[in-house]
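> Residue numbers (the numbering used here), protein chains in the order written: chain A, 3 to 339; chain B, 507 to 783.
Beta carbons: idealized from backbone N, C-alpha and C, even for Gly.
Small disclaimer: the values here were computed from a predicted structure and weren't measured.
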Amino acid sequence: MSELIAQEALPGLVAKWLAQGKRVAGPSVVKPGYCLYVELKSSAQLALEGFIRPRNSIKEFVFPHHEAICRYHFSGHTVETEDCDPPQVDQVIVGARPCDAAALPILDHLFTWDYEDKFYTERRKATTVVTLACQAHDDACFCTSLDLGPAAEQGSDVLLLAVPGGYEVRCLTDKGRALFAGETRTVEQTAVVPPGPPVMVAPGTIMAFLQARYDDPMWADLALRCLGCGACAYTCPTCHCFDIVDEGTAAGGCRVKNWDCCQFAMFTQHASGHNPRSGQSQRQRQRIQHKFRIYPEKFGVMLCTGCGNCARNCPVGLGVLSTLKETAGSAPVEVGV
Amino acid sequence: MNNVYKPDLMEVLEVHQHTPDVKSVKIKFQDPALAESFAFRVGQFGMFSVFGAGESTFNICSSSNWKGFLEFCFRKTGKVTESLWQTGEGDTIGFRGPYGNSYPMEEWEGKNLIFIGGGIAMPPIRCAVWYALENRAKYGNITVLYGARTVKDLVYPDELDQWAEQERVRVIRCVDPGGETPEWKGEIGLIPHVLERAEVSAENSVALVIGPPIMIKFTLPVLSTMGLASADVYTSLENRMKCGIGKCGRCNCGPVYVCKDGPVFSFEQLSRLPVDY
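#1: Please list the residues of the segment 722–756 of chain B that have a C-beta atom closer than 7 Å to any C-beta atom in chain A, keeping them in chain order.
#2: Which residues, in order along the segment 543–564 of chain B, keep a beta-carbon less than 9 Å from a beta-carbon of chain A?
#3: For A/Asp85, count the other beta carbons within 10 Å of its own beta carbon; 16 or more makes it buried, fewer makes it exposed. Which is it?
#4: Could you tell me the alpha carbon to alpha carbon distance between A/Ala49 and A/Cys312, rounded to whole angstroms?
#5: Could you tell me whether the Cβ of B/Gly624 comes closer than 8 Å to any Cβ of chain A?
#6: Report the neighbours of A/Ile71 on chain B: residues whose CB is nearer than 8 Å to its CB, in chain order.
#7: Can you name the residues of chain B whose CB is closer than 8 Å to the CB of A/Tyr117?
#8: Considering only their Cβ atoms, is the gap separating B/Ala627 from B/Ile716 smaller than 8 Å?
#9: Give the interface partners of B/Thr598 over in chain A, defined as CB-CB distance under 7 Å, in chain order.
#10: Run through the segment 525–567 of chain B for me and flag every whole beta strand (DSSP E) of 3 or more residues, listed as ranges in chain order.
#11: Determine, using beta carbons only, whether A/Tyr74 comes closer than 8 Å to chain B.
#12: Nearest-angstrom Cα distance between A/Trp19 and A/Lys177?
#13: Give a yes or no on whether the minimum CB-CB distance between B/Thr656 and chain A is below 8 Å.
#14: What does A/Leu112 reach in chain B if we use C-beta pairs closer than 7 Å?
#15: In three-state DSSP terms, what is A/Val337?
#16: Select from the segment 273–291 of chain A all residues with a C-beta closer than 8 Å to any C-beta belonging to chain B, and list them in chain order.
#17: If we define contact as Cβ-Cβ less than 8 Å, is A/Phe211 a contact residue for chain B?
#18: Nearest CA to the CA of B/Leu743: which residue from A/Pro205, A/Phe63, A/Val26, A/His272?
#19: Leaving out five residues before and five after B/Phe649 in sequence, what residues of the same chain have Cβ atoms less than 6 Å from its Cβ?
#20: Using a Cβ-Cβ cut-off of less than 8 Å, give me the residues of the segment 514–539 of chain B that come near chain A, in sequence order.
#21: Counting pairs of beta carbons, one from the segment 35–43 of chain A and one from the segment 56–68 of chain A, are three or more of them closer than 8 Å?
#22: Less than 7 Å between C-beta atoms, sequence neighbours within five positions excluded: which residues of the same chain meet that for B/Pro698?
#23: To which residues of the same chain is B/Met747 closer than 6 Å at the C-beta, ignoring the five residues directly before and after it?
#24: Just how far apart, CA to CA, sit A/Ser274 and B/Thr687?
#25: What does the alpha-carbon distance come out to for the pair A/Gly97 and B/Gly760?
#26: Use the C-beta contact count for A/Pro199: other C-beta atoms within 10 angstroms, 16 or more gives buried, fewer gives exposed.
#27: In the DSSP assignment, the beta strand (DSSP E) including A/Lys33 goes from what residue to what residue?
#28: Is the beta carbon of A/Ile54 closer than 8 Å to that of A/Ala138?
#29: Helix, strand or coil: which one does DSSP assign to A/Leu15?
#30: What are the residues in the segment 217–241 of chain A lying within 7 Å of chain B by C-beta distance?
#31: Express the C-alpha separation of A/Arg172 and A/Leu161 in angstroms, rounding to a whole number.
#32: Return helix, strand or coil for A/Ser332, following the three-state DSSP convention.
#33: Is it buried or exposed for B/Ile720, if we count other Cβ within 10 angstroms and need 16 for buried?
#34: Whole angstroms is fine: what's the gap from A/Cys256's alpha carbon to B/Gly558's?
#35: State buried or exposed for A/Leu226, treating a residue as buried only when at least 16 other CB atoms are found within 10 Å of its CB.
#36: Please name the residues in the segment 701–723 of chain B whose beta-carbon is closer than 9 Å to at least one beta-carbon of chain A, in chain order.
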């Protein structure tokens, strides 16, 4: 027994959410062969099949690329500041991949520990995630190595699983149940969850590698290829480093949070010119270290969901999976090219 | 909900120019309630901002015993500090903080204190020196070794004179060879060499060493030869920060967030971390 929504009914439901004034985001083919999560203006834009996963992640709907955090106005020698609030609008992310949804509970730790970042938490509270279980994977996928999988439920409010003629609907939270109430019918069939990629690496071993061989020449070898473009971090569901800058005129302006990336040299450069991570090899190591050592030690979870976007979007064929394989002592593996 | 990134507005009370490129600024909260309730511990830092230019991280260099205002000191080196340089009495700037851990002043009670600072590192030492002097009975001998490139690069030279007049305080000033003037009465030489010559006792002592990485690198072996254990030698890291509250991800040094777990570490603690600072 399971709850089912017919394939043709789903676009109607998306249209209904839009009509209710909700902000709806989901995968959309923005040009041939290229799929991104975008804010949907109509249900026709939604694409649920024909690709492994979008090239970006859903983090931008809870942690935008660019966001005003405070406004300021000048008046003579005095300054007035004004608080900013994230938009108070309910949003639904439909067709999220499990490896994207799983990033949200991972990021919750960071944005709520000690100091709460309301820009993240208020968006997060207003967001309902409707995840679609994966039917296929590619060579870059390694979710199963992170204890996730094609039907992982972490971070999802609803999990949809493809069945002939529609989707099995598994409501996992009250928010999810509210969204699908009265929209499904009970049927006999249940979905078969396809196997995900085989388990390829044990990310826990990287901790020992970093402790024992922190200055391993492998990092320098990797860095020779790295362009330092930051595509890995920007398309990663869990990378969250940001910059804070002022943007304004002589009359006033905004203090904003912008996405930043640990692969850029300026990221850690001191005002004196001294740079603790002056070389690309140190920056490559830092990204891996942040994901598999710093974050687990701090929050008990790894900062990676095995989505493989780092490899898919890397212009020179690097990625977390191939790096983990190298640290595990196995031969270098070409990923996602 | 509280916006953790929104700075409080501060009125600039005084600006004092110490060197050709270093100024200190005295500020107070515009909001009287905040001014009344604000408390911090010496060694903590804040995010100071000039609206339109951005935020920078500085140590709060006044003593935590001083009420009604706080002070910070900066060198003119970038966009924010260029704007701060233009700031004068009566202007409004932003402040977030206090952030980070602090000097373990309670643990240091009953000990002799050795403060070693180079250049712009005087301000983060100054707050601890004043704190110790204001709680004089709790601390033993105090040695302050402060060096700068030239005589005109010394920060807070008048306060060095005030400290030198106190009981059980020894102040050693030095400038790099060539940085002296005909009137210079202090030492000439690099800090590690001056420390070697100074014959400071390491008995029952802790040291706070802050300065450029090259100064610290050559000062640590001298302290070790003197007999100080790495657990008794402290510093304050200066990793670049944006948020100051453990979110923005750039001050990581191995498994620690310098903004949250630091900036104050003993060298025994640092010996277990990668040299990402």
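Quick answer:
#1: Glu744, Asn745, Arg746, Lys748, Cys749, Ile751, Gly752, Lys753, Cys754, Gly755, Arg756
#2: Met553, Ser555, Val556, Phe557, Gly558, Ala559, Gly560, Glu561, Ser562
#3: The sequence position of residue 85 of chain A within the first sequence is 83, counting from 1. With fewer than 16 Cβ atoms within 10 Å of its Cβ, A/Asp85 is classed as exposed.
#4: One-based indexing of the first sequence puts residue 49 of chain A at position 47. One-based indexing of the first sequence puts residue 312 of chain A at position 310. Straight-line Cα distance between these residues: approximately 22 Å.
#5: By 1-based counting over the second sequence, the position of residue 624 of chain B is 118. No, its Cβ sits nowhere closer than 8 Å to a Cβ of chain A.
#6: Taking the first sequence and counting its residues from 1, one reaches residue 71 of chain A at position 69. Simply Asn509, Tyr511, Lys512.
#7: For this step, residue 117 of chain A is matched to residue 115 along the first sequence. The answer, in chain order, is Val510, Ile751, Gly752, Lys753.
#8: Walking along the second sequence from the start, residue 716 of chain B turns up at place 210. Walking along the second sequence from the start, residue 627 of chain B turns up at place 121. In this structure, B/Ala627 lies closer than 8 Å to B/Ile716 by Cβ.
#9: As a working mapping, residue 598 of chain B is identified with position 92 in the second sequence. The answer, in chain order, is His79, Thr80, Val81.
#10: 528–535, 551–556, 560–565
#11: Residue 74 of chain A sits at position 72 when you count from the first residue of the first sequence. Yes - at least one Cβ of chain B is within 8 Å of the one on A/Tyr74.
#12: On the first sequence, position 17 is the one that residue 19 of chain A refers to. On the first sequence, position 175 is the one that residue 177 of chain A refers to. When rounded, the distance between both Cα atoms is 13 Å.
#13: On the second sequence, residue 656 of chain B is found 150 positions in, with the first residue counted as 1. So no, B/Thr656 is outside the interface.
#14: Position 110 of the first sequence, counting from 1, holds the residue named residue 112 of chain A. Chain B residues near A/Leu112: Lys753.
#15: For the purposes of this step, residue 337 of chain A is taken as the residue at position 335 of the first sequence. Residue confidence is low: A/Val337 scores 42 on pLDDT, short of 50, so the model does not pin down where it sits. Its coordinate-derived value is still stated next. Here A/Val337 sits in coil by DSSP.
#16: Ala273, Ser274, His276, Pro278, Arg279, Gln284, Gln288, Gln291
#17: As a working note, residue 211 of chain A is residue 209 in the first sequence. For A/Phe211, the answer is no, since every Cβ of chain B falls outside 8 Å of its Cβ.
#18: Here the question's residue 743 of chain B lines up with position 237 in the second sequence. With distances taken between Cα atoms, B/Leu743 lies closest to A/His272.
#19: Residue mapping note: residue 649 of chain B aligns to position 143 of the second sequence, counting from 1. With the sequence shown as reference, residue 649 of chain B is identified as Thr, and Phe is not the correct amino acid for it. Cβ neighbours of B/Thr649 beyond the five flanking positions: Ile620, Arg676, Val706.
#20: Leu515
#21: yes
#22: By one-based count along the second sequence, residue 698 of chain B stands at place 192. Cβ neighbours of B/Pro698 beyond the five flanking positions: Phe724, Thr725, Val728.
#23: What you label residue 747 of chain B is simply residue 241 of the second sequence in a count that begins at 1. Within the same chain, B/Met747 has close Cβ partners Thr563, Cys757, Cys765.
#24: Residue 274 of chain A sits at position 272 when you count from the first residue of the first sequence. Residue 687 of chain B sits at position 181 when you count from the first residue of the second sequence. Computed Cα separation, rounded: 26 Å.
#25: Sequence index remark: in the first sequence, residue 97 of chain A carries index 95 (1-based). Sequence index remark: in the second sequence, residue 760 of chain B carries index 254 (1-based). Rounded to the nearest angstrom, the two C-alpha atoms are 36 Å apart.
#26: Counting from one through the first sequence, the residue named residue 199 of chain A turns up at place 197. Burial call: buried.
#27: For the purposes of this step, residue 33 of chain A is taken as residue 31 along the first sequence, with counting starting at 1. That run of the beta strand (DSSP E) goes 25–33.
#28: Reading the first sequence from its first residue, position 136 is the one you call residue 138 of chain A. Reading the first sequence from its first residue, position 52 is the one you call residue 54 of chain A. Yes, the pair counts as a contact, with Cβ atoms nearer than the cut-off.
#29: Start at 1 with the first residue of the first sequence, and residue 15 of chain A comes out as number 13. Residue state, collapsed to three classes: helix.
#30: none
#31: As a first step, residue 161 of chain A is located in the first sequence; it is residue number 159 there, counting from the start. As a first step, residue 172 of chain A is located in the first sequence; it is residue number 170 there, counting from the start. C-alpha separation (whole angstroms): 5 Å.
#32: Position 330 of the first sequence, counted from the first residue, corresponds to residue 332 of chain A. Caution applies to A/Ser332, whose pLDDT of 43 falls short of 50 and renders its modelled position unreliable; the model cannot decide the point.
#33: Counting from 1 along the second sequence, the entry for residue 720 of chain B is found at position 214. With fewer than 16 Cβ atoms within 10 Å of its Cβ, B/Ile720 is classed as exposed.
#34: Working through the first sequence from its first residue, we reach residue 256 of chain A at position 254. Working through the second sequence from its first residue, we reach residue 558 of chain B at position 52. Cα-Cα distance, rounded: 8 Å.
#35: For the purposes of this step, residue 226 of chain A is identified with residue 224 of the first sequence, where counting begins at 1. Counting Cβ neighbours within 10 Å, A/Leu226 comes out exposed, since fewer than 16 surround it.
#36: Pro718, Pro719
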